[in-house]
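Visitor:
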Amino acid sequence: MDRICRSGISSPDCRLETNIPVMDCIRGNDNRIIDMVAHMTGKFQFYLLLAIFFLSNLAISGTRPIVSIHAHGLGASAFYIGVLVAAFAVFPLFLAIRIGKWVDRFGTKTLTVWGGSGIAVALAVPIWQPTLAGLLFSQICMGLANNCIVTATQKRVSITGGNRDKAVTGMTTIAAAADFVAPAAGGMLYEHGGFRITFLVLLLLQLVLLVLARMMDSEPLKSKTATGNAEKKNTLGLLKDRHIRKGVLVSGLAVYSKDIFSAYFPVLSSGYGFSPTQTGAVLSFVAAASVAVRLLQFKLVQWMQRDRLMAAALFIGAVAFTAASFLQHPWLLCATAICLGAGIGLVQPLSWVYLIEHTPKGREGEVLGLRSMLNRSWQLSGPLMLGVVGSSLGLMPVFWACGLTLLCGSWYSLGKALPFVSAEVRQSVDSPGKGS
């Protein structure tokens with residue numbers, strides 16, 4: 000084909016002459032367009048993840064109180080209702096690490112689809128069989144499916160580029176919004192439509208979740224050889240890394256102290272003569288402060304190192320927890336609740352990002368599974384141990400013990416050894432573990 004030279008003469012022998020600056024400009028525009036499309040795609044995927052997380056939390060938070068109410072209506076004893084509540088948490092406790100390894104092996108999209116399908120099954124079975132056995136199966140299935148989605152979405156946020164603190168803030172805020180909306184909406188549906196209608200509406204929402212999950216991008220997976228080697232590694236060996244050890248410990252403290260306050264403060268406040276409305280207001284201040292402080296997380300980590308910020312948040316929580324046992328004025332307790340919610344509410348997302356920053360590449364799901372397992376352990380063992388303290392010494396020592404635990408966690412977050420441990424443990428805490 001003839002080519003036209005700058006002289007304007009058409010000749011097959013004439014070499015093509017290009018305007019280099021023009022071509023560079025075209026390439027630059029192409030790169031900017033590609034970057035813009037990638038940015039828009041990344042934002043779409045993140046919002047997709049938020050929608051999936053919101054819908055899954057709607058099902059979890061919307062059904063848990065209804066399950067207890069319906070079981071009571073079927074004649075279940077208090078013990079059996081306790082079994083239903085425990086069934087949601089017990090199985091994920093033992094399978095959390097395995098689920099984390101599955102996330103690393105099969106990918107976040109696959110585990111999200113598995114989790115959404117599991118929640119759909121957990122909602123469909125009680126519609127078909129609204130019996131005590133059906134409710135028990137539903138709670139077991141719901142707990143496992145929820146663990147799949149939580150671990151998958153947490154890893155997806157963790158490996159996504161950009162500001163992790165902003166991403167974590169979005170995830171935790173969405174979860175808090177679902178926890179706020181779901182119980183009220185579920186209660187209204189149950190009151191006006193009944194058990195089956197409530198579960199059917201939530202089931203339809205989970206079908207939407209599955210459609211959204213199919214729209215997720217698949218991240219690159221490890222090779223089968225790398226996956227096999229990772230599967231053979233001892234997960235608990237990750238705790239030799241002092242950063243991972245610190246991250247899971249601090250995360251567990253935040254979960255445990257929040258549950259303890261929610262369980263024991265209503266009992267303490269009733270002894271002070273508080274009405275249920277006043278008690279609920281204090282607990283609402285804890286929840287509101289917990290959400291509000293997370294909106295400032297990415298600003299706070301620019302101002303202070305993450306581990307020092309965790310230590311400060313735990314210290315504030317320790318002081319507020321202890322002070323709550325002495326204060327009897329509602330407004331003073333509300334102010335204390337704000338401090339407690341801000342401290343504990345900030346620790347959870349901070350420890351999440353801190354943990355991921357020090358996790359070996361390709362084992363993020365495994366570490367998040369380890370974190371989930373230890374969080375469940377704190378949730379099950381903490382109330383039992385402090386229940387013994389409360390039965391023996393009264394309610395106030397429960398708050399003092401929890402405050403002391405948070406104070407020790409604050410000291411540990413600074414990289415200091417606890418004053419009452421041995422020299423060998425002190426050396427282990429101060430020296431970085433393998434792979435740090």
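Sequence positions in the sequence shown follow numbering that gives the first Met the number 0 and run 0 to 435. Here a beta-carbon is modelled for each residue, glycine too, at the ideal position from N, C-alpha and C.
So, for residue 121: in the same chain, excluding its five sequence neighbours on each side, which residues have a beta-carbon less than 7 Å away from its beta-carbon?
Guide: Same-chain partners within the cutoff: 137, 140, 141, 144.
Visitor: Taking the alpha helix (DSSP H) that residue 348 falls in, what are its first and last residues?
Guide: Its alpha helix (DSSP H) spans residues 329-356.
Visitor: How would you write the range of the alpha helix (DSSP H) that residue 273 sits in, first residue to last?
Guide: First-last for residue 273: undefined, no H or E at that position.
Visitor: Tell me whether residue 91 sits in a helix, a strand or coil according to DSSP, three-state version.
Guide: Three-state result, residue 91: helix.
Visitor: Is it buried or exposed for residue 247, if we count other Cβ within 10 angstroms and need 16 for buried?
Guide: Buried: at least 16 other Cβ atoms inside 10 Å.
Visitor: Take residue 79 as the anchor and find which of 286, 91, 66 has the nearest alpha-carbon.
Guide: With distances taken between Cα atoms, residue 79 lies closest to 66.
Visitor: Check each candidate in 202, 281, 180, 268 and name the one with the smallest Cα separation from residue 124.
Guide: Ranking 202, 281, 180, 268 by Cα distance to residue 124 puts 202 first.
Visitor: Of all the alpha helix (DSSP H) runs that stay within the bounds of the stretch 116-170, which reach a length of 4 or more residues?
Guide: Taking only runs of at least 4 residues, the alpha helix (DSSP H) segments lying wholly in the stretch 116-170 are 131-158.
Visitor: Distance, Cα to Cα, residue 181 vs residue 283?
Guide: Computed Cα separation, rounded: 15 Å.
Visitor: Let's test the definition: count the other Cβ atoms within 10 Å of the Cβ of residue 215 and tell me whether it reaches 16, buried, or not, exposed.
Guide: Label assigned to residue 215: buried.
Visitor: My guess is that residue 163 and residue 315 are in contact by the Cβ rule of under 8 Å, so how many angstroms apart are they, rounded?
Guide: With 8 Å as the limit, residue 163 and residue 315 do not qualify as a contact, their Cβ atoms being about 23 Å apart.
Visitor: Considering residue 316, what are the terminal residues of the alpha helix (DSSP H) in which it resides?
Guide: First-last of the alpha helix (DSSP H) with residue 316: 305-323.
Visitor: Take residue 157 and list the residues in its own chain whose beta-carbon comes closer than 6 Å to its own, dropping the five residues that flank it on each side.
Guide: The answer, listed in chain order, is 355, 363.
Visitor: If residue 205 sits next to residue 115, beta carbons under 8 Å apart, how far is it from one beta carbon to the other, in whole angstroms?
Guide: The Cβ separation is near 6 Å, so the contact holds.
Visitor: Note down, one range per segment and in chain order, each alpha helix (DSSP H) of at least 4 residues found wholly within the stretch 361-410.
Guide: Segments of the alpha helix (DSSP H) lying fully in the stretch 361-410: 363-392.
Visitor: Closest to residue 84 by CA distance: which of 287, 192, 178, 71 is it?
Guide: Of the candidates 287, 192, 178, 71, the one whose C-alpha sits nearest the C-alpha of residue 84 is 71.
Visitor: For residue 372, I'd like the list of residues in its chain whose CB is within less than 7 Å of its CB, leaving aside the five on either flank, ordered along the chain.
Guide: Answer for residue 372: 92, 95, 96, listed in chain order.
Visitor: Which of helix, strand or coil does DSSP assign to residue 192?
Guide: Looking at residue 192 - three-state DSSP - the assignment turns out to be helix.
Visitor: Quick check: the Cα distance between residue 175 and residue 290, rounded to an integer number of angstroms?
Guide: Distance between the alpha carbons of residue 175 and residue 290 is about 7 Å.
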